[in-house]
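Inspection log for the structure reproduced underneath, given as C-alpha coordinates.
In my numbering, the protein residues as written are 5 to 161.
Now the structure itself:
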(Lines of atoms letter the chains of each structure in order from A; the text may use other names.)
(Lines give C-alpha, C1' and ligand atoms only; values in the text may rest on other atoms or scores of the structure.)
Protein backbone atom coordinates (compact mmCIF):
# COMPACT_ATOMS: atom_id res chain seq x y z
CA UNK A 5 0.00 0.00 0.00
CA UNK A 6 1.26 3.43 -0.92
CA UNK A 7 0.58 6.45 1.24
CA UNK A 8 0.66 9.97 -0.15
CA UNK A 9 0.34 13.21 1.77
CA UNK A 10 -0.86 16.09 -0.40
CA UNK A 11 -0.32 19.50 1.08
CA UNK A 12 -0.98 23.02 -0.10
CA UNK A 13 2.08 25.28 -0.32
CA UNK A 14 5.52 24.47 1.05
CA UNK A 15 6.25 24.25 4.76
CA UNK A 16 7.44 27.69 5.78
CA UNK A 17 9.14 27.03 9.11
CA UNK A 18 12.44 25.18 9.17
CA UNK A 19 11.74 23.56 12.54
CA UNK A 20 8.59 21.97 11.07
CA UNK A 21 10.43 20.89 7.91
CA UNK A 22 13.16 19.27 10.01
CA UNK A 23 10.64 17.33 12.10
CA UNK A 24 8.71 16.23 9.01
CA UNK A 25 11.94 15.01 7.43
CA UNK A 26 12.83 12.97 10.53
CA UNK A 27 9.53 11.08 10.51
CA UNK A 28 9.45 10.76 6.72
CA UNK A 29 12.83 8.99 6.84
CA UNK A 30 11.58 6.70 9.61
CA UNK A 31 8.45 5.81 7.63
CA UNK A 32 10.55 4.35 4.81
CA UNK A 33 11.01 1.26 6.99
CA UNK A 34 7.25 0.62 7.12
CA UNK A 35 5.53 1.83 3.98
CA UNK A 36 5.87 3.60 0.69
CA UNK A 37 5.31 7.20 1.76
CA UNK A 38 5.60 10.40 -0.24
CA UNK A 39 4.70 14.03 0.26
CA UNK A 40 3.55 16.11 -2.69
CA UNK A 41 3.30 19.85 -2.29
CA UNK A 42 0.88 21.79 -4.45
CA UNK A 43 2.16 25.32 -4.84
CA UNK A 44 -0.48 28.05 -5.11
CA UNK A 45 0.61 31.21 -6.92
CA UNK A 46 0.61 34.58 -5.20
CA UNK A 47 -1.96 35.81 -7.73
CA UNK A 48 -4.40 33.15 -6.51
CA UNK A 49 -3.73 34.13 -2.89
CA UNK A 50 -4.97 37.65 -3.68
CA UNK A 51 -8.39 36.30 -4.70
CA UNK A 52 -11.42 35.60 -2.49
CA UNK A 53 -11.42 32.66 -0.09
CA UNK A 54 -13.89 30.79 -2.30
CA UNK A 55 -11.73 31.27 -5.42
CA UNK A 56 -8.64 30.09 -3.52
CA UNK A 57 -10.41 26.95 -2.32
CA UNK A 58 -11.69 26.23 -5.84
CA UNK A 59 -8.20 26.55 -7.32
CA UNK A 60 -6.71 24.33 -4.61
CA UNK A 61 -9.44 21.74 -5.26
CA UNK A 62 -8.77 21.77 -8.99
CA UNK A 63 -5.07 21.15 -8.44
CA UNK A 64 -5.69 18.44 -5.83
CA UNK A 65 -8.17 16.56 -8.01
CA UNK A 66 -5.59 16.45 -10.82
CA UNK A 67 -3.42 14.25 -8.60
CA UNK A 68 -6.13 11.81 -7.54
CA UNK A 69 -7.07 8.60 -9.33
CA UNK A 70 -10.50 6.97 -9.19
CA UNK A 71 -9.39 4.05 -7.00
CA UNK A 72 -7.48 6.18 -4.47
CA UNK A 73 -8.79 6.16 -0.90
CA UNK A 74 -9.02 9.84 -0.06
CA UNK A 75 -8.81 11.13 3.52
CA UNK A 76 -9.21 14.81 4.35
CA UNK A 77 -7.45 16.03 7.47
CA UNK A 78 -10.12 18.35 8.79
CA UNK A 79 -10.91 19.76 12.22
CA UNK A 80 -14.51 18.52 11.89
CA UNK A 81 -13.54 14.97 10.96
CA UNK A 82 -13.72 11.82 13.05
CA UNK A 83 -11.29 11.70 15.95
CA UNK A 84 -9.26 8.56 16.52
CA UNK A 85 -6.71 7.86 19.21
CA UNK A 86 -3.36 6.44 18.14
CA UNK A 87 -4.40 2.80 18.58
CA UNK A 88 -7.61 3.38 16.60
CA UNK A 89 -5.63 5.13 13.87
CA UNK A 90 -3.23 2.19 13.62
CA UNK A 91 -6.25 -0.15 13.34
CA UNK A 92 -7.63 2.09 10.59
CA UNK A 93 -4.33 1.81 8.67
CA UNK A 94 -4.35 -1.97 9.15
CA UNK A 95 -7.90 -2.23 7.79
CA UNK A 96 -6.85 -0.34 4.67
CA UNK A 97 -3.90 -2.70 4.22
CA UNK A 98 -6.19 -5.72 4.65
CA UNK A 99 -8.63 -4.31 2.08
CA UNK A 100 -5.73 -4.18 -0.37
CA UNK A 101 -6.10 -0.44 -0.78
CA UNK A 102 -3.49 0.47 -3.38
CA UNK A 103 -3.05 4.10 -2.42
CA UNK A 104 -4.27 6.20 0.48
CA UNK A 105 -4.07 9.93 0.00
CA UNK A 106 -4.19 12.17 3.04
CA UNK A 107 -4.84 15.82 2.23
CA UNK A 108 -3.95 18.88 4.27
CA UNK A 109 -5.74 21.81 2.73
CA UNK A 110 -4.78 25.43 2.64
CA UNK A 111 -5.46 28.01 5.34
CA UNK A 112 -9.20 28.14 4.56
CA UNK A 113 -9.95 24.42 4.47
CA UNK A 114 -11.60 22.47 1.67
CA UNK A 115 -14.15 23.12 -1.04
CA UNK A 116 -17.33 21.01 -0.99
CA UNK A 117 -16.14 19.08 -4.09
CA UNK A 118 -13.36 17.55 -2.00
CA UNK A 119 -15.74 16.62 0.81
CA UNK A 120 -17.94 14.94 -1.78
CA UNK A 121 -15.00 12.95 -3.20
CA UNK A 122 -13.46 12.03 0.16
CA UNK A 123 -13.79 8.50 1.51
CA UNK A 124 -13.08 9.65 5.07
CA UNK A 125 -12.57 12.83 7.05
CA UNK A 126 -10.12 12.66 9.95
CA UNK A 127 -9.44 15.12 12.75
CA UNK A 128 -6.21 14.94 14.72
CA UNK A 129 -7.62 17.02 17.58
CA UNK A 130 -10.59 19.05 18.79
CA UNK A 131 -8.18 21.96 18.79
CA UNK A 132 -7.47 23.91 15.62
CA UNK A 133 -3.89 23.88 14.34
CA UNK A 134 -2.37 25.72 11.42
CA UNK A 135 -2.17 23.82 8.15
CA UNK A 136 1.60 24.15 8.53
CA UNK A 137 1.83 22.53 11.98
CA UNK A 138 -0.58 19.70 11.27
CA UNK A 139 1.92 18.31 8.75
CA UNK A 140 4.39 17.42 11.48
CA UNK A 141 1.67 16.08 13.78
CA UNK A 142 0.32 13.89 10.99
CA UNK A 143 3.62 12.30 9.92
CA UNK A 144 4.45 11.59 13.57
CA UNK A 145 1.08 9.91 14.08
CA UNK A 146 1.49 7.88 10.91
CA UNK A 147 4.90 6.72 12.11
CA UNK A 148 3.40 5.94 15.53
CA UNK A 149 0.62 3.90 13.87
CA UNK A 150 3.15 1.70 12.08
CA UNK A 151 5.22 1.17 15.23
CA UNK A 152 2.03 0.10 17.04
CA UNK A 153 1.22 -2.36 14.25
CA UNK A 154 4.74 -3.82 14.48
CA UNK A 155 4.58 -4.04 18.28
CA UNK A 156 7.53 -1.72 18.71
CA UNK A 157 8.14 0.30 21.89
CA UNK A 158 7.66 3.82 20.51
CA UNK A 159 4.05 4.11 21.72
CA UNK A 160 3.28 3.83 25.45
CA UNK A 161 -0.19 3.11 26.81
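Even for Gly, the Cβ is constructed at its ideal location relative to N, Cα and C. On a predicted model such as this, the values are computed, not experimentally measured, just so you know.
The C-alpha of residue 151 lies about 8 Å from the C-alpha of residue 34. Partner residues in the beta bridge of residue 127, as assigned by DSSP, are 83. Assigned with DSSP and collapsed to three states, residue 41 falls in strand. Bounds of the beta strand (DSSP E) holding residue 6 are 6-12. Considering only 154, 157, 8 and 148, the residue with the shortest C-alpha distance to residue 75 is 8.
Straight through space, the alpha carbons of residue 154 and residue 62 are spaced by roughly 37 Å. With respect to the 8 Å criterion, residue 141 and residue 126 are not classified as neighbours on the basis of their beta carbons. Annotation: residue 114 is outside any alpha helix (DSSP H) and is labelled neither H nor E by DSSP. The three-state reading of DSSP puts residue 138 in helix, counting H, G and I together. In this chain, the alpha helix (DSSP H) harbouring residue 49 covers 46-49.
Just so you know, the alpha carbons of residue 11 and residue 85 end up roughly 22 Å apart.
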